[in-house]
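Residue numbers (my numbering): 227 to 406. For glycine and all other residues, C-beta sits at the position ideal for the given N, C-alpha and C. Accompanying notes for the structure given below.
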Amino acid sequence: MSKCQLTTKDFAIVKTMLDRLAWSGGPLVALLRRKLASAQVVFSNEADADVVTLNSRVTFSVDGGAPHTRIVAHGPMDGMVGQIIPITVPRGLALLGLRKGQSISIDCGRGATETICVDEIHYQPEAARPGIATPDLRPDPSERRFPVLVFSADEPQALGVPGKIRHISTNGDDPGPSAA
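So, in structure tokens, the structure goes:
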């Protein structure tokens, strides 16, 4: 199997699946081991836009047959019959981490195999993040965003410093906290 790219979150989910299913054996466990062994693990903000990640909407074909468009999801979702493919089934797991144009052969059980090819990636959550400015859809490192704690839009203050109660009234009819 050629290299696949998994985000740290996707890798953790696949690893947890293997830990829970390792006792059972079978084609899904073998595929989980193959995925983990061949994975290039990246942070979500470094994931390539042409890679299938969880919640990506992809078009794929099986053994060169008719194309199918599905959302690769962690598990079955109520009300989304026919729209998702969970990674708890071999085809869904096989798609995870593949690039557009890449294919993989998987064991279907009873000696049968099938080849799954990623034809198109219509949506990838990591590539759809706001603030992505570079042509390859990766964030520009100089534009990294970090969470900022805001206590007041007027007067930001440090953590641990007690805030002051302010009374602001534009029309004079609000008695403020002293009325309570």
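Short Cβ contact (9 angstroms threshold) for residue i with residue j
{"i": "L322", "j": "L254", "result": "no"}
{"i": "E340", "j": "V284", "result": "no"}
{"i": "S224", "j": "K229", "result": "A query on residue 224 cannot be resolved here, the shown segment of the chain reaching from 227 to 406 and no further."}
{"i": "K326", "j": "D276", "result": "yes"}
{"i": "I332", "j": "R317", "result": "yes"}
{"i": "I313", "j": "V240", "result": "yes"}
Unbroken alpha helix (DSSP H) run spanning residue i, endpoints
{"i": "D236", "result": "234 to 247"}
{"i": "P316", "result": "316 to 321"}
Beta bridge counterpart(s) of residue i as assigned by DSSP
{"i": "H300", "result": "Beta-bridge pairing links H300 to no other residue."}
{"i": "Q266", "result": "Q231"}
{"i": "E340", "result": "I332"}
{"i": "H294", "result": "F286"}
{"i": "R325", "result": "V277"}
For residue i, three-class secondary structure by DSSP
{"i": "F282", "result": "In the sequence under discussion, the amino acid at residue 282 is Ser, which differs from the Phe named in the question. Coil at S282, not helix or strand."}
{"i": "V288", "result": "strand"}
{"i": "P312", "result": "strand"}
{"i": "E272", "result": "helix"}
{"i": "V307", "result": "coil"}
{"i": "R355", "result": "coil"}
Supposed contact pair residue j and residue i - C-beta distance, whole angstroms, cut 8 angstroms
{"i": "V278", "j": "L324", "result": "5 angstroms"}
{"i": "C343", "j": "F286", "result": "6 angstroms"}
{"i": "E352", "j": "A273", "result": "4 angstroms"}
{"i": "F269", "j": "T242", "result": "18 angstroms between Cβ atoms; not a contact."}
{"i": "L247", "j": "L258", "result": "7 angstroms"}
Any non-hydrogen atom of the ligand ADP within 8 angstroms of residue i CB
{"i": "G337", "result": "By its list of ligands, the structure shown contains no ligand whatsoever, and the ligand ADP lies outside what it can speak to."}
Beta carbon proximity, residue i to chain B, threshold 9 angstroms
{"i": "L280", "result": "In summary, chain B is missing from the structure at hand, where a single protein chain is found."}
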